[in-house]
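Below is one structure, written out as structure tokens; comments come after it.
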């Protein structure tokens, strides 16, 4: 039963709840800090500052603004000193990035140790990554740009000097305005000869327009031309334009791809053929339904995953029965239960509640959570509140938690304890000072 995962929190939080809240970025921790402070949990708090606990740093919001507002003034001083000792030695890029963000916020609050940590921590790695450069430029403007640029000129590991200097210029001009960096370089005799020049002018939105044009051209292809693209592709996961073609395809074109799917045996091509039917269901026929169900048990994970996602668009008793059996077997890593998206019935919330559980592996559990979000988007019924809360409480990802919060809010079923903490959630701290 899901009740163990969806009980309202109570303040003060226990040590295990504080640790979990720091990892997930839960707003209840801010409420705890306001009412009880975090001094007795200072080791956990500092650990979360020095070690980046965010599940997916590529798409989740920066955690530094959220962490800073949990600190007392005394803890700010202590953390700034820790960062001065730690940042110059930190090698993990995830940890390093968060530490730089914290230094920027603390330096803006007047902490000299945090400022010094950024300058001591500045370096250019062997793979060309610049550490602390953006933060120094944001903190000290023209002086910061001048300093990091001069340091770059003397860096023995710097490969592409022009590209590195252009990145510094772009960071500075994002705040100071276009063209502002030229005078900074001109004011320094050492830098002036190395002015990297302006980057080629780009037309706002042109990249997106080009992408749309390419997709539109692909969408106009015949089914035969699409099959030729699939046969010639070396990409395992993605052919640009294929999804756009699938959404625009006529039934006649779709049937041609369906017939190819019926006889194809190569796993690589099967995966791409199945992608077509993630966007639009196969024309209803017993043959096609049987083929998808067969492929959902294919020996290749890639094929099973795509077949299950295609089945999610098919409303059929056999597809529903398979989703139920997979749920009961706790077999959901390859999107086996996503078929509930089109096959959920009133009362199924109880079925889900009986069988859902947290998987110890965050990656595997996130796969389940993403599928549940898709199911809930298509079926945002009030009776599904318990499942929404399961996602809210157990998702390792702040974005999935945000998705179900929006669903609860739109349906007017947000529990008071969720509404109270949500404004303090890490996902709400988008702005940097």
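Residue numbers (our numbering): 1209 to 1641. Each residue gets a CB set at the ideal place from its N, CA and C atoms; glycine is no exception.
Proximity to residue i [Cα-Cα], best of the options
i, options, result
"residue 1596", "1580, 1586 and 1260", "1580"
"residue 1215", "1626, 1613 and 1630", "1626"
"residue 1420", "1431, 1449, 1541 and 1404", "1449"
"residue 1517", "1492, 1546, 1495 and 1508", "1546"
"residue 1557", "1587, 1531 and 1591", "1591"
"residue 1387", "1396, 1372 and 1403", "1403"
"residue 1636", "1365, 1235 and 1390", "1235"
"residue 1391", "1495, 1370, 1372 and 1353", "1353"
"residue 1461", "1435, 1444 and 1474", "1435"
"residue 1343", "1553, 1507 and 1375", "1375"
"residue 1285", "1304, 1300, 1250 and 1306", "1250"
Sub-7 Å separation of residue i and residue j beta-carbons
i, j, result
"residue 1490", "residue 1514", "no"
"residue 1527", "residue 1535", "no"
"residue 1478", "residue 1472", "yes"
"residue 1272", "residue 1319", "no"
"residue 1440", "residue 1447", "no"
"residue 1258", "residue 1226", "no"
"residue 1559", "residue 1584", "no"
"residue 1322", "residue 1288", "yes"
"residue 1612", "residue 1577", "no"
"residue 1511", "residue 1500", "no"
"residue 1243", "residue 1219", "yes"
"residue 1642", "residue 1606", "As shown, the chain starts at 1209 and ends at 1641. That puts residue 1642 outside it, with no answer to give."
"residue 1480", "residue 1438", "yes"
"residue 1228", "residue 1265", "no"
"residue 1381", "residue 1394", "no"
8 Å Cβ shell around residue i - same chain, five flanking residues per side excluded
i, result
"residue 1398", "1358 and 1361"
"residue 1538", "1563 and 1565"
Close Cβ partners of residue i (< 6 Å) along its chain, the five nearest in sequence each way excluded
i, result
"residue 1340", "1308, 1326, 1329 and 1330"
"residue 1338", "1332"
"residue 1604", "1263, 1570 and 1574"
"residue 1602", "1213 and 1566"
"residue 1540", "1576"
"residue 1423", "1449 and 1452"
Cβ distance (whole Å) where residue i is taken to contact residue j below 8 Å
i, j, result
"residue 1497", "residue 1549", "With 8 Å as the limit, residue 1497 and residue 1549 do not qualify as a contact, their Cβ atoms being about 16 Å apart."
"residue 1465", "residue 1428", "That belief does not hold up - the Cβ atoms of residue 1465 and residue 1428 are roughly 15 Å apart, past 8 Å."
"residue 1588", "residue 1633", "Residue 1588 to residue 1633, Cβ: 20 Å. No contact."
"residue 1426", "residue 1454", "Residue 1426 to residue 1454, Cβ: 10 Å. No contact."
"residue 1221", "residue 1237", "7 Å"
"residue 1349", "residue 1384", "7 Å"
"residue 1470", "residue 1495", "7 Å"
Residue i - partner residues in DSSP beta bridges
i, result
"residue 1331", "1339"
7 Å Cβ shell around residue i - same chain, five flanking residues per side excluded
i, result
"residue 1324", "1292"
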